[in-house]
Amino acid sequence: MKRQFLILAVTASVLVVGQCGPSFAKDRTITGTIRNFECGDNCYLTIVDRKKAEQVGLCAAPECKDWNEQAAMPPRFKGKRVTVTVGTGQQVDGSDNVMGEMMAFKKIRFLD
6 MKRQFLILAV TASVLVVGQC GPSFAKDRTI TGTIRNFECG DNCYLTIVDR KKAEQVGLCA
66 APECKDWNEQ AAMPPRFKGK RVTVTVGTGQ QVDGSDNVMG EMMAFKKIRF LD
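Note that this note's numbering numbers the sequence shown so that position 66 is 71, with each residue one more than the last.
Following this line, the structure appears as structure tokens:
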């Protein structure tokens, strides 16, 4: 009986925690325009979506690889229309310690 209660309690906890995750936990797409790219310990891309809201996320897409290595995006990409696949990424500090999770752009498709 005690074991069954423990299994039920653990299962309930997993279900609750799974439902309390961030709203960007499931991959989705956003269409918008690139506004900005900046780097610190992590590199971030800012997209202005169709509703004119800024969406800021980790630039984790393969298309960001060179930008992240150079800590700069070529100016020709600013203002480009894109569809991005959004998921969850990990922010790290300068020592590569995980500091938390946030929205991440996992793929970029250029529309212009």
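We put the CB at the ideal spot given by N, CA and C, even for glycine.
Under the three-state reduction of DSSP output, ARG55 falls in the coil class, being neither helix nor strand. A straight-line Cα-Cα distance of about 22 Å links ALA65 and LYS57. Boundaries of the beta strand (DSSP E) around ASN41: 33 to 44. Straight-line measurement puts the Cα of VAL61 at about 14 Å from the Cα of ILE113. Within the same chain, and ignoring the five residues on either side of ASN47 in sequence, the residues whose Cβ sits closer than 7 Å to its Cβ are LEU63, GLN96, VAL97.
Straight through space, the alpha carbons of CYS44 and ASN73 are spaced by roughly 7 Å. In the three-state DSSP reduction, LYS85 falls in the coil class, being neither helix nor strand. Between ASP54 and THR36 the beta-carbon gap is near 7 Å, inside 8 Å, which marks them as a contact. Taking 8 Å as the upper bound for CB-CB distance, THR90 and LYS70 are not in contact here, some 15 Å apart.
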